[in-house]
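Some notes on the structure that comes next.
Number of protein chains: 4
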Amino acid sequence: MTVPINAMIIVIQCTDRVGLVATISSLLAKHQLNIISMHEHVDNDARLFFMRVDVEGTIDAFTLKNELGKVLPDGASIKTNPVALKKIIVLVTKEYHCLADILVRNYFGTLGAQVQCVIGNHNTLQDICKRFDIPFHLAEAGSDKNAFEQDVKSLIAQYDFDYLVLAKFMRILSPGFVGSFPMQIINIHHSFLPAFAGANPYRQAHERGVKLIGATAHYVTNELDEGPIIAQQIIPANHSLTVKDMVKAGKEIETAVLAKALKLVFDDRVFVYKNKTVVLE
Amino acid sequence: MTVPINAMIIVIQCTDRVGLVATISSLLAKHQLNIISMHEHVDNDARLFFMRVDVEGTIDAFTLKNELGKVLPDGASIKTNPVALKKIIVLVTKEYHCLADILVRNYFGTLGAQVQCVIGNHNTLQDICKRFDIPFHLAEAGSDKNAFEQDVKSLIAQYDFDYLVLAKFMRILSPGFVGSFPMQIINIHHSFLPAFAGANPYRQAHERGVKLIGATAHYVTNELDEGPIIAQQIIPANHSLTVKDMVKAGKEIETAVLAKALKLVFDDRVFVYKNKTVVLE
Amino acid sequence: MTVPINAMIIVIQCTDRVGLVATISSLLAKHQLNIISMHEHVDNDARLFFMRVDVEGTIDAFTLKNELGKVLPDGASIKTNPVALKKIIVLVTKEYHCLADILVRNYFGTLGAQVQCVIGNHNTLQDICKRFDIPFHLAEAGSDKNAFEQDVKSLIAQYDFDYLVLAKFMRILSPGFVGSFPMQIINIHHSFLPAFAGANPYRQAHERGVKLIGATAHYVTNELDEGPIIAQQIIPANHSLTVKDMVKAGKEIETAVLAKALKLVFDDRVFVYKNKTVVLE
Amino acid sequence: MTVPINAMIIVIQCTDRVGLVATISSLLAKHQLNIISMHEHVDNDARLFFMRVDVEGTIDAFTLKNELGKVLPDGASIKTNPVALKKIIVLVTKEYHCLADILVRNYFGTLGAQVQCVIGNHNTLQDICKRFDIPFHLAEAGSDKNAFEQDVKSLIAQYDFDYLVLAKFMRILSPGFVGSFPMQIINIHHSFLPAFAGANPYRQAHERGVKLIGATAHYVTNELDEGPIIAQQIIPANHSLTVKDMVKAGKEIETAVLAKALKLVFDDRVFVYKNKTVVLE
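Protein chains in written order, with the numbering used here: chain H, 1 to 281; chain C, 282 to 562; chain V, 563 to 843; chain S, 844 to 1124.
Listed below in structure tokens is the structure:
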């Protein structure tokens, strides 16, 4: 039995059928839970129902989850999360912009998560972490990928965490590693995917002469840059930008898109199915 | 008694209380109505509940409205609209862009409404109406405002209509006229209101040196350019634009914003209260 | 010898060297030409210089071009265009939105070009052309591509034109056809290229779960959807949009992007090199 | 005499006349200066010419300025700035977002300026400054405005600086103070000015029911929120946002707009006249 709490995010994903909203909202009303916000989505092709409800009122999470399980279709995924901070580990290489943004929000309590530690395959960003009293670990990025990932794995094993955030982490993780953390690894890629996947997207963008450049935050899967997209955005570009200018301009949007995606994830708004996301804002 | 129909938009605005979603969705489920989409909003300060539900299933609108009335709070506004085209009258002066966009969508059946006629205080746009077989009436825009409005009133009295659309109609309507059609008159204003209300907004914008210019679609009330805002958007501007350039660039966004606002209104997505709108998309 | 004119667009593309701006502006000053606007760009990697100058003053275009040729690097491309309307032929299939926008602007004299005729491989859009007194020709779109293109070629041979505009023309033109009109064919593609080239971009976008959809106007080359990009833009998308919704929402942006690209091209602002464009706005 | 330098930004503002571009570019060519980029603007109504040139080559700034002065119209404002970091002092109250962004960019050397110190009328942000080794001074914000401003003045007198940046500094400075630093004080205001000037812009925006909220960076003059606008931008808003939500969402755009404006100013791209700006990007 869990302790009753006063605020809860209820997250449901199940087969669709007529009357689900009535079923759920009646159950919540029965418990005198006040609905602060309720968002639902139905994928008619896939016959799937998604719902996020933000409630206030006194109930214990276990009881509620149990009761919902009895009235919802078999196989329903039900989460009754307390409104609480997630825990994250951030992986970086040399670029500072996404990490610094995360550290600042973490420090001022607006990230929606707690940064447990930062792991880098270079020590460039060690000092900024130190300034914010966040542990920084250097993972030996030798030529042996397996050894490197073992190193990372033992580092993260020391912490409790909900998500691994790749904040401009420029190494490709192996299928074995990724497979250990399904839908727990979030990456920021510096293009509007699916355009310019892989290495050097700004160089690719410059050569193609596109009139906009973008950034995409997505869950990491074993298909490079092919995981479910959480958020993406673009800024205008033109002929006057060199590759270097694009890199510089892109950093602004990479920072903003990753920040937005993390906020959505930490706020329990993102559902994954069929390699894409439903984001209930 | 009305004939049962297969598709309906249910629009509800009432005092908020716990359990409204459950109440409504249970009633719909009882009638085997399939919810295609359901959007709700609660204004906690005003303690108001807003809902738009798009349902499929066989029911007559009168019965449903009646049953909803019994279970909803006293004073609830309930509409059970068949999915059908609205009827509109368009008022214009000389600028073509908004009118032409409306006429084209009307002609190709994508406006979400039927244009009954166009009334102009100049005959500049008579020919384009004729090309689309839409009646055009010239209202004598003499110096006598009262006579002019009487003229318009007798013209529109010949038609059945839901909304009057001011598509760059450059005369200010009197309180008496506006009061006759509450929340039925929609205007496009060429600025991001509340900035630059009144005459010559682009000249005002140019003088102020703003870095963006905009357009706002709103319901007309007796406070000039102060009615509830339905949609607004901006485009970047800079020092290189003359007033004339701003006028030209602005036309694109005026057209787009009015088109968007009309789509929302015709689709029963816009609620009005406290001189602002709730738009359930 | 040509007749002196009062307004001219000078367009120069040549090898870069120190002092080009001085050379050109001195020559213009010598002829008492008033520079209304002057834009230049240097691609340092390619060592190329691009310039567009808008001048007022009395001079004949031939003399000026000749004099510029003497002082500019060998092989310079120099155009001294009178400020005049371009001539275009529009190719369409069944979708109306881009064509209607072009016809409306053409009718009101704001297109920056004159529509000579419209050619369709279906007759769906014949009536709207007729309403605007624009000749419409049906090209027999049989299974024989060669015969079809011969048909189109004989139709366009009857007209004088600067550009062929593919306004949602849903057939792929052969290399032979495209090769006959280098950098004269402009297409609107319904995705933010290079993402989702080829058929059914909205279906591809829906399956990939992108959070934005876009449109791209580009010159047609023999690589499908790989020609130099003139303009592109995006709108936000999310899980709630079906493929059909995306198609509908996309039409708005397709119309806007093609309109913008045409304006840039007709205004002599677009330079092509290395399969990309320099757009001097 | 100054030491010759290799890179320089030349900034010119003067009365317009035919041939200015030729005059300037010829002079630069004579000195074998390579033009990296050249931007000019003419305000035809005001008959003013603005130019920013980025050159490479060996010349001393004094000589060049002197020679330009001889060939340009009387009264021309000419600056020949080395490509160097500006110096700034940041004034804050309690909100961290703009300051943290400035401190991070300063720390990583991408701000385009050096933060000399931070002055707060509360000590909330003292710790973050300390973490970045930036001096923080608390100015006693008593009820006596004059005493407060004297305090600030003696603090800033200790430093060399080019600009005072009000990074969410929530006190209105007196005409006397502002007059001491003409076009040297830059403020970020949390609305799309001229809408919602003064206090509580988000509350004003919420009450008016606008569909977009914005931020504006501007030079401070003695008319509250009426100074020349440097940069502004908006994000979409709707009925679902409370005032508190708007405040939160607005912080993101305030940070971005101030960052952009500072970059433009530090890069010598902003000219002021007639209470507005020319921004040569």
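Don't be surprised by glycine CBs; every beta carbon is placed ideally from N, CA and C.
Residue-level contact to chain C via CB, residue i, 8 Å cutoff
i: V:F670; result: yes
i: S:F1035; result: yes
i: V:R609; result: no
i: V:V714; result: no
i: S:A1092; result: no
i: H:I188; result: no
Buried versus exposed, by CB contacts within 10 Å (16 or more), residue i
i: V:I734; result: exposed
i: S:P1071; result: buried
i: C:V352; result: exposed
i: H:A100; result: buried
i: C:S472; result: buried
i: V:Q795; result: buried
i: V:K806; result: exposed
i: V:A591; result: buried
i: V:H603; result: buried
i: S:N949; result: buried
i: V:K838; result: buried
i: H:K168; result: buried
Within-8 Å CB hit, residue i to chain S
i: V:N596; result: yes
i: C:I409; result: no
i: C:R333; result: no
i: H:A217; result: no
i: V:A709; result: no
i: C:I510; result: yes
Neighbourhood of residue i by C-beta distance below 7 Å, restricted to the same chain and skipping five residues each side
i: S:T923; result: M851, I853, A904, L907, K908
i: C:I317; result: D335, V336, E337
i: V:E629; result: L589
i: S:A1074; result: A1060, V1100, K1103, A1104, L1107
Proximity test, Cβ basis, 8 Å: residue i and chain H
i: V:I696; result: no
i: S:A1099; result: yes
i: C:G490; result: no
i: C:V299; result: yes
i: V:T839; result: yes
i: S:V947; result: yes
i: S:A1104; result: no
i: C:S521; result: no
Same chain only: Cβ atoms within 6 Å of residue i, ignoring 5 sequence neighbours per side
i: S:Q957; result: L928, K930
i: V:V727; result: I650, V652, I748
i: C:F552; result: Q294, F331, V559
i: S:N887; result: none
i: C:S358; result: Q294
i: C:M319; result: V334
DSSP bridge partner residues for residue i (one or two, in chain order)
i: C:V337; result: According to the sequence as given, residue 337 of chain C is Glu; it is not Val. Per DSSP, C:A288, C:N315.
i: S:Y1062; result: S:I1029
i: V:G776; result: V:I796
i: S:T1140; result: Nothing in the structure corresponds to residue 1140 of chain S, since chain S is present only between 844 and 1124.
i: H:I229; result: H:H218
i: H:E40; result: H:M51
i: S:T1120; result: S:V1115
Cβ-based neighbour list, residue i, same chain, cut-off 8 Å, excluding 5 preceding and 5 following
i: H:K211; result: P236, A237, N238
i: H:N146; result: S174
i: V:F710; result: N683, A701, E702, A703, G704, R733
Interface flag, residue i vs chain V, CB-CB below 8 Å
i: S:M881; result: yes
i: S:V864; result: yes
i: H:I234; result: yes
Heavy atom of the ligand ZN within 7 Å of residue i beta-carbon
i: V:K838; result: The ligand ZN is absent from the structure shown, which contains no ligand whatsoever.
Exercise. List in chain order: all unbroken alpha helix (DSSP H) runs of 4+ residues lying wholly within the segment 60 to 134 of chain H.
Key: Complete alpha helix (DSSP H) runs here, min 4: 61 to 71, 97 to 108, 126 to 131.
Quiz item: Taking the runs of the beta strand (DSSP E) that are 3 residues or longer, which of them lie wholly in the segment 408 to 457 of chain C?
Solution: 417 to 419, 444 to 447
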